[in-house]
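Novice:
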Amino acid sequence: MANIATYEKGSTQLLMGNEAIARGALEAGIGFATAYPGNPSSEIIGSLAEVAKDAGIYVEWSINEKVALEAAAAAAFAGVRSIVAMKHNGLNVVLDYLMGLALTGTRAGIVLVTCDDPGALSSTEEEDSRMVAKWACLPLLEPGTFQEEKDMTRWAYELSEELKSVVLIRGVTRTSHARGDVEVGERIPPLRQAKFEPSNPLEFTSMPAPFKHLVANQKMDKARDLFESSPFNWYQGPDKPDLLIVTSGSGWFYSLEAVKALDLEKSVGILKLGTTWPLPEKLVRQHLSKAEEVLVVEEIDPFLEGNLKELVGEDPSAVGPVKFYGKRSGHIPIAGEINPDIVTAALARILDIEHRPVQPQYSQKALALTAQFTHGRMVGFCAGCPHRATFWSIKNAIKLDGRGGFVSGDIGCYSMAVGPAGYWQIKTMQAMGSGTGMACGFGRLAEFGLTQSVIAVCGDSTFYHATIPAIISGIYNRANFTLLVLDNSATAMTGFQPHPGTGRSATGEQAPVVDIPTLCRALGVRVEETDPFDLAGTTDKLLDLMREEGGVRVLVVKRECALVRARREKPAYQMRIDEERCLGESCGCSRTCSRVFQCPALMWDAQRGVAAIDDVLCAGCGVCADICPAGAIIRETA
Amino acid sequence: MSPEIKGSLQLRADVIDRGLCALCGACSGICPFLVAYRGRIVALDDCAVEQGRCYAFCPRVATDLDAASDAAFGAPFDPSPIGRTTEVLITRAAREEVRSKAQYGGTVSALVAFAIERGFIDSAVLTQSDASLLPAGVLVRSAGDVLCRARSNYVAAPTLAAFNREARREEVRRIGVVATPCQALALAKMRAWSTRDRRDWKVSATAYRDVEKLSLVVGLFCTWALDFEGFTRFLAGKTPLDRISKFDIPPPPASVFQAFSDSTSVSIPLDEVRRFIRPSCNVCLDMTAEFADLSVGAAEGIEGWNTLIVRSERGREIIDAARAAGVIETGALPDESLSHLKGASLGKRRRALANIRQITGSDDDLLYLELGAETRGRLLAE
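Note that the protein sequences, when read in sequence, are chains A and B. When you line the first sequence up against this note's numbering, it's residues 1 to 638, in that order. When you line the second sequence up against this note's numbering, it's residues 639 to 1020, in that order.
#1: Of all the residues that make up the region 576-610 of chain A, which are near chain B by a beta-carbon distance shorter than 8 Å?
#2: Should A:I627 be flagged as near chain B, meaning a C-beta pair shorter than 8 Å?
#3: Tell me the rounded alpha-carbon separation between B:T968 and B:R779.
#4: Leaving aside the five residues before and after B:M639 along the sequence, list all residues of the same chain whose C-beta is less than 6 Å from its C-beta, in chain order.
#5: With DSSP run on the structure shown, which of helix, strand or coil describes A:I21?
#6: If contacts are defined as beta-carbon pairs under 8 Å, then A:L163 and A:K240 qualify, I think. What distance do you get, rounded to the angstrom?
#7: Measuring only between beta-carbons, confirm whether B:L682 sits less than 8 Å from chain A.
#8: Can you give me, in chain order, the residues of the region 305-318 of chain A that have a beta carbon less than 8 Å from any beta carbon in chain D?
#9: Are any of the Cβ atoms in chain A nearer than 8 Å to that of B:W839?
#10: Select from the region 393-405 of chain A all residues with a C-beta closer than 8 Å to any C-beta belonging to chain B, and list them in chain order.
#11: Among residues of its own chain, excluding the 5 on either side of A:V610, which ones have a beta-carbon nearer than 7 Å to its beta-carbon?
#12: Between A:V59 and A:L69, how many whole angstroms is the CB-CB distance? I'm expecting something under 8 Å.
#13: On the criterion of 16 or more Cβ atoms from any shown chain inside 10 Å, does A:M16 qualify as buried, or is it exposed?
#14: Do you know whose CA, among A:S42, A:N217, A:R179, A:S62, lies nearest A:A511's CA?
#15: Do the CB positions of B:I728 and B:G814 come within less than 8 Å of each other?
#16: Contact between the region 12-28 of chain A and the region 91-107 of chain A is defined here as three or more beta-carbon pairs at a separation below 8 Å; is this criterion met?
#17: Going along chain A, which residues have a C-beta under 8 Å from B:I668?
#18: Relative to chain A, which residues along the region 941-959 of chain B have a C-beta separation below 9 Å, given in chain order?
#19: Since A:D181 and A:F211 should fall inside the 8 Å C-beta cutoff, what is the C-beta to C-beta distance between them, to a whole number of angstroms?
#20: I'd like to confirm the pairing. Which residues does DSSP put opposite B:L612 in its beta bridges?
#21: One question on the structure: do B:A830 and B:A709 come within less than 8 Å of each other, judged by their Cβ atoms?
#22: Taking DSSP as the reference, what is the three-state secondary structure of A:K266?
#23: Does DSSP classify B:W831 as helix, strand or coil?
#24: With distances taken from CA atoms, which of B:L984, B:F695, B:R676 is nearest B:G721?
#25: B:C665 CB to nearest chain A CB: under 8 Å?
#26: Using 8 Å as the threshold, is the C-beta distance between A:A479 and A:R444 below it?
#27: Taking a contact to mean a Cβ-Cβ separation below 8 Å, would you say A:L271 touches A:L347 in this structure?
#28: Taking CB distances under 8 Å as the criterion, tell me whether B:Y675 reaches chain A.
#29: What in chain A is Cβ-close to B:V687, meaning under 8 Å?
#30: Evaluate contact between the region 541-550 of chain A and the region 385-405 of chain A, counting only Cβ atoms and requiring at least three cross-stretch pairs below 8 Å.
#31: Go ahead and label A:I353 buried or exposed: buried means 16 or more other beta carbons lie within 10 angstroms of its beta carbon, across all protein chains shown.
#32: Does any residue of chain A bring its CB to less than 8 Å from the CB of B:S868?
#33: Is A:S165 buried or exposed, if buried means 16 or more other CB atoms sit within 10 Å of its CB?
#34: Give me the Cα-Cα distance between B:D909 and B:I882, rounded to the nearest whole angstrom.
#35: Just to make sure I have the definition right: I need the residues of chain A whose C-beta is within less than 8 Å of the C-beta of B:R678. Which are they?
#36: Within the same chain, show all residues whose beta-carbon is closer than 7 Å to that of A:I30, passing over the 5 residues directly before and after it, in chain order.
Shown next as structure tokens:
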């Protein structure tokens, strides 16, 4: 990643949105940065971690988002500007504290960046964070350009200290991960005068709550006034547009593109808002009164749309008749990610313009052209991934056990075991730690007639994040289940960030290790450990644990993530197929390796009727040699 | 009329899921998809093969008795009460040492050990149980290894899974199997498949070669076999499983099942044990292992001896050599004993045919067996 600390003031840099946010925080002189990894937010604290030494700041990966926010708030209470970043799920995790923080206020500035994932490209939910601003009485900013990502973040600290409130910045995948030119300002070092000094006994509490709730609302009134003249809100277009687009965030670039594509610059105006809660009401009313048709372009929920309608409803005569188009009218889809094509089509439909962006049957033609060059692929585990071996053993153990056992799943790379990659083994999937939480429920259903074996899985980072309390609840309430902790020594799915099991901190220093088996044993449950590449041993151990009557049992399945290993070491084995021995489609094999085991590096040569190894994909883990019934996969030490 | 052979998905639907599985093990040990585990055949994954050995070998589906008999004996199926028979004798192991380790006369142990020693076979698949009474097939390659597996076993064992696995070994060339009636039938079907069906099978050459290693089948008389999980859980409540040295069911009028441990024994009403008989046994017509080269059982009323039925030339060869070598003592089976044996065998057939009739609803439909009408009519003839 870029060294965002060393850019010269006034230079123009090509920055990822998240990097621009991080740079903005540095320019505001933050001293404290915390997060739990989560796509699309991870690079914010990730890039700050890279430059922590150069910038003289403190950066940590906290164990979960709640602790991250709590730690960052502590710093702010003590006078150190802080930033905390998370994805929308993380916002759900911090909500209890955030509600309290919203009433408590702050001393030094604190900014909470929440990055949503429209279309759930890498999430298990599609969720709009912005509602929390209205819910918690907090100011909300949505950057629409890369320059804004930096400038807004820097300015957010002034706002935070003016209002004495945490400030929310909301991004989405495209604003966080796309790159654009940013002119950087001056980076200032953090103040080093931390002192925690309440000026009254309740200053750093949310009490008395009704009073502080009133105060929070008054802060919103103040913010509203400030937002009326914010440079982050602007209008572009004719004085009296035929149609007004009101947009925020990623919608800004999409709307610009759509208007240009349809050649409507002279008739369609765009009101781009960067301060979306509270709304700059005068500014908004001023523009709404100049148009009779309004299209609202935003990501995920009709948040902006609903607030505009609320505003109009409060004083309809102030703006005159307005017809709204957007997610509620179906012109913009209510679910999924938006893009320039969607906005263009909406505009064309509203204005009754003929618009054909692509030829008919375009997608079929494109598929026909490209099919010969590409393989159809599902989401899957990497070649060499320990999770493939683990779920192979789980699948077999459940079948052998014969009691209709099932797996309650959790969040991480292994989540993909809901699909073919993990042999469809995971059957429930909601939130961090919920695999074990649900097992606490499933594991108490014997008295209601449940005879099935209950299995839960979680990853190593998930274990620390949220699973420990669920394990304790299961122990205390005598729930009957087996938990597999899939320890691949990384927070892998989000980019291999370190955690309390890896021995490394966010800034690369040695860190104390909280050992998972030791911790589980200390809780008083039976703990076994296994290497997932030992298929027979893992299956046997799991079967043994499943057959135990009652209580919580833990199997720690430990082997390093294949990609993390590959950065450090050459492949362990060189793999090849002995074609003489290969049984292929015959009775006795039926293409076990390529059809059933399905490592992406195992191919089927239909012409010659034998298996083949894709040398480019093969990670040399050697596991496939153990699943071939003919001994035709040869494993040689590399 | 050759019954249609299908694949493993159909085997699961036609046999396993219908509760007909005899747990003989013939379908497992062949591929990664079907495995025998703790008294069940488990499908670990779906196989895509349309015609598989699992279906071809299974004695509870698509079983042409004439074809099986032709493969085992070179002759059509003989519906006599105790099947194709050239001679019936009483026999026992000549050595007291062998008899003392065995259930009745020690004939099977002595014959198999002798067959290995003389080179008739180079290995044998026997059944052995562990301390939890879980039985499994095991390959022995020396005479000495035969004797410690001498105890009678009443729990259904997937012994043929071991045959399938071990037959792949290069160093194993002529294999003997001690088989229950369903296992002997499955072995006959394996022979029928390997000598006939070479046409469209997607199977390697080694698959045929492995089945052709079968060199001797010693059958065991069997009335029924018990379900592992249910029976052992029940028995564990009566006596510690790992201390049991022997089981026995004394002849009528006693109606008990005995488990002997150290110096004690426990007697359980037979009806309580019958609850754990596997459903597949209720549709089995074969009490005396009619598809073996030699079949061996108790000699009721003649303590310390076995009843032995010679069926094939191979069986004749072995028993004659063993007698000549002084390894086996033989005698004549009293007429009364023979008619008693035939009566018992017909009794099992009668019950089985009634149960099959209840399932199929027709006298002409034998569920999993194919047999000409004329022969079928003689199944219950004395």
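Beta carbons are placed, not taken as given, at the ideal position from N, Cα and C, and that holds for glycine.
Specialist: To lay it out plainly:
#1: L583, E585, S586, C587, G588, C589, S590, R591, T592, R595, V596
#2: Along the first sequence, one-based indexing puts residue 627 of chain A at 627. Closer than 8 Å to some Cβ of chain B, the Cβ of A:I627 qualifies, so yes.
#3: Numbered from its first residue, the second sequence carries residue 968 of chain B at position 330. Numbered from its first residue, the second sequence carries residue 779 of chain B at position 141. Roughly 26 Å separates the two Cα atoms.
#4: One-based indexing of the second sequence puts residue 639 of chain B at position 1. Reliability fails at B:M639, whose pLDDT of 45 lies under 50, so the model's placement of it is uncertain and the value that follows must be treated cautiously. Hits under 6 Å: none found.
#5: In the first sequence, the residue the question calls residue 21 of chain A occupies position 21. Here A:I21 sits in helix by DSSP.
#6: Position 163 of the first sequence, counted from the start, is the residue given in the question as residue 163 of chain A. Position 240 of the first sequence, counted from the start, is the residue given in the question as residue 240 of chain A. Actually they do not touch by this definition, with Cβ atoms about 35 Å apart.
#7: By one-based count along the second sequence, residue 682 of chain B stands at place 44. True, the Cβ-Cβ gap to chain A drops below 8 Å.
#8: Within the model displayed, chain D is absent; protein chains A and B are what it includes.
#9: The sequence position of residue 839 of chain B within the second sequence is 201, counting from 1. Output row for B:W839: interface = yes.
#10: K395, N396, K399, L400, G402
#11: Reading the first sequence from its first residue, position 610 is the one you call residue 610 of chain A. Excluding residues within five positions, the ones whose Cβ falls inside 7 Å are I577, E579, C582, G584.
#12: Position 59 of the first sequence, counting from 1, holds the residue named residue 59 of chain A. Position 69 of the first sequence, counting from 1, holds the residue named residue 69 of chain A. At roughly 15 Å, the Cβ-Cβ gap does not stay under 8 Å, so A:V59 and A:L69 are not in contact.
#13: The count along the first sequence starts at 1 and reaches residue 16 of chain A at position 16. Looking at its Cβ environment, which holds 16 or more other Cβ atoms inside 10 Å, A:M16 is buried.
#14: As a working mapping, residue 511 of chain A is identified with position 511 in the first sequence. Among A:S42, A:N217, A:R179, A:S62, the Cα nearest to that of A:A511 belongs to A:S62.
#15: Position 90 of the second sequence, counted from the first residue, corresponds to residue 728 of chain B. Position 176 of the second sequence, counted from the first residue, corresponds to residue 814 of chain B. Taking 8 Å as the Cβ cut-off, B:I728 and B:G814 do not qualify as a contacting pair.
#16: no
#17: Taking the first residue of the second sequence as 1, we reach residue 668 of chain B at position 30. Chain order gives the chain A residues near B:I668 as C587, G588, where near means a beta carbon separation below 8 Å.
#18: none
#19: The sequence position of residue 181 of chain A within the first sequence is 181, counting from 1. The sequence position of residue 211 of chain A within the first sequence is 211, counting from 1. At roughly 47 Å, the Cβ-Cβ gap does not stay under 8 Å, so A:D181 and A:F211 are not in contact.
#20: Past the boundaries of the shown model lies residue 612 of chain B; chain B is included only from 639 to 1020, so the question cannot be answered.
#21: Counting from 1 along the second sequence, the entry for residue 830 of chain B is found at position 192. Counting from 1 along the second sequence, the entry for residue 709 of chain B is found at position 71. Result yes, Cβ atoms of B:A830 and B:A709 sit closer than 8 Å.
#22: Position 266 of the first sequence, counting from 1, holds the residue named residue 266 of chain A. Here A:K266 sits in coil by DSSP.
#23: As a first step, residue 831 of chain B must be located in the second sequence, where it is residue number 193. In this structure, B:W831 counts as helix in the three-state DSSP scheme.
#24: In the second sequence, counting from the first residue as 1, residue 721 of chain B sits at position 83. Nearest C-alpha to B:G721: B:L984.
#25: What you label residue 665 of chain B is simply residue 27 of the second sequence in a count that begins at 1. Chain A contact via Cβ: absent.
#26: Position 479 of the first sequence holds residue 479 of chain A. Position 444 of the first sequence holds residue 444 of chain A. In this structure, A:R444 lies closer than 8 Å to A:A479 by Cβ.
#27: Taking the first residue of the first sequence as 1, we reach residue 271 of chain A at position 271. Taking the first residue of the first sequence as 1, we reach residue 347 of chain A at position 347. No.
#28: As a working mapping, residue 675 of chain B is identified with position 37 in the second sequence. Interface annotation, B:Y675: in contact with chain A, CB-CB separation under 8 Å.
#29: For the purposes of this step, residue 687 of chain B is identified with residue 49 of the second sequence, where counting begins at 1. By Cβ distance, chain A contributes E585, S586, C587, S590.
#30: Three or more Cβ pairs closer than 8 Å define a contact, and the region 541-550 of chain A meets that threshold against the region 385-405 of chain A.
#31: For the purposes of this step, residue 353 of chain A is identified with residue 353 of the first sequence, where counting begins at 1. In summary, A:I353 is exposed, with fewer than 16 beta-carbon neighbours lying within 10 Å of its beta-carbon over all protein chains present.
#32: By one-based count along the second sequence, residue 868 of chain B stands at place 230. Ser is not the amino acid found at residue 868 of chain B; the sequence shown has Gly there. For B:G868, the answer is no, since every Cβ of chain A falls outside 8 Å of its Cβ.
#33: Sequence index remark: in the first sequence, residue 165 of chain A carries index 165 (1-based). Burial call: buried.
#34: The residue given as residue 909 of chain B occupies position 271 in the second sequence. The residue given as residue 882 of chain B occupies position 244 in the second sequence. B:D909 and B:I882: Cα-Cα distance of roughly 20 Å.
#35: Indexing the second sequence from 1 puts residue 678 of chain B at position 40. The answer, in chain order, is G402.
#36: For the purposes of this step, residue 30 of chain A is taken as residue 30 along the first sequence, with counting starting at 1. Closer than 7 Å at Cβ, skipping near neighbours: I57, R81, S82, I83, P190.
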